[in-house]
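Student: Numbering (the numbering used here), first residue to last: -5 to 210. What follows is a single structure, and I will ask about it in a moment.
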């Protein structure tokens, strides 16, 4: 089992609790948002085992969300940290929820968050919520490491590049598809776009390769 195997069972569980769930949002393994004024933001961090690193991740996330969950694979023996009263008490004091996921995908709530975590870093919280809202669907499985992440920005770049397959266009022609098209074309973060003439943009070979299916 790898960390990403935990994601779908947790996503299903959290969606059952009323959250809209997306993976790998601004460095968080799983982010759930529940409608409201203000919306409720939940972050769940994933590890194969319950350990101090997982707790430290939770402490970091507590400043940007209302609810923190720590999730790991169910221990094969009774020596797992989730069976350690000291570990459970630490999480209770921090207000974190604990979830164990079996190899079969069964979700077991060990501790529920006892109270909403105080929000302290409003800028980071706002960026997290904005990325969650902008991202179309849930293209990224949470818990992965070392692979490119399909962010909302990358999704918008793909939409622009796909539209430019038809030929060079002006940013205003793409704006109905992507509101920030002009910024994306000018910034050219991925090297997909080239300015052909004043106000006219086309695809580079790199951009064409990014949106056309591989011939392999």
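Quick reminder that beta carbons are idealized off the backbone N, C-alpha and C, glycines included. Note that this is a predicted model, so its numbers are computed, not measured.
1. Near residue 200, which residues of its chain fall below 8 angstroms by C-beta distance, leaving aside the five closest residues on each side in sequence?
2. Between residue 125 and residue 146, is the Cβ-Cβ spacing less than 9 angstroms?
3. On the three-state DSSP scale, how would you describe residue 10?
4. Taking the beta strand (DSSP E) that residue 149 falls in, what are its first and last residues?
5. Quick check on this structure: which residue in 34, 139 and 149 has the alpha carbon closest to the alpha carbon of residue 56?
6. Looking at residue 20: is its Cβ nearer than 9 angstroms to the Cβ of residue 122?
7. Please list, in chain order, all residues of the same chain as residue 115 whose beta carbon is under 8 angstroms from its beta carbon, the five residues on each side excluded.
8. With a floor of 4 residues, list each alpha helix (DSSP H) that falls wholly inside the stretch 29 to 100, ordered by position along the chain.
9. Per DSSP, which one or two residues make a beta bridge with residue 195?
10. With DSSP run on the structure shown, which of helix, strand or coil describes residue 124?
11. Rounding to the nearest angstrom, what Cα-Cα distance links residue 127 and residue 179 in this structure?
12. Between which two residues does the alpha helix (DSSP H) containing residue 206 stretch?
13. Would residue 46 be called buried (16 or more neighbouring beta carbons within 10 Å of its own) or exposed?
14. Strictly by DSSP, which residues pair up with residue 105?
15. For residue 203 and residue 82, what's the separation of their Cα atoms in angstroms?
16. Spatial neighbours of residue 0 within its chain, please: C-beta separation below 7 angstroms, excluding the five flanking residues on both sides.
17. Between which residues of its own chain and residue 190 is the CB-CB distance below 7 angstroms, once the five residues before and five after are set aside?
18. What does residue 171 pair with, by DSSP beta-bridge criteria?
19. Hey, residue 24 and residue 16: beta-carbon distance below 9 angstroms or not?
20. Which one of 38, 167 and -4 has the shortest CA to CA distance from residue 13?
21. Let me know the secondary structure DSSP gives residue 5 once reduced to three states.
22. Please state the DSSP three-state secondary structure of residue 141.
Tutor: In short:
1. 184, 185 and 186
2. yes
3. helix
4. Counting along the chain, residue 149 falls outside any beta strand (DSSP E), though it belongs to the alpha helix (DSSP H) covering 146 to 158.
5. 34
6. yes
7. 57 and 58
8. 46 to 55 and 79 to 88
9. 163 and 189
10. helix
11. 22 angstroms
12. Here residue 206 belongs to no alpha helix (DSSP H), and DSSP marks it neither H nor E.
13. exposed
14. 92
15. 50 angstroms
16. 40, 65, 67, 95 and 137
17. 162 and 196
18. DSSP output for residue 171 lists no bridge partner at all.
19. yes
20. 38
21. helix
22. coil
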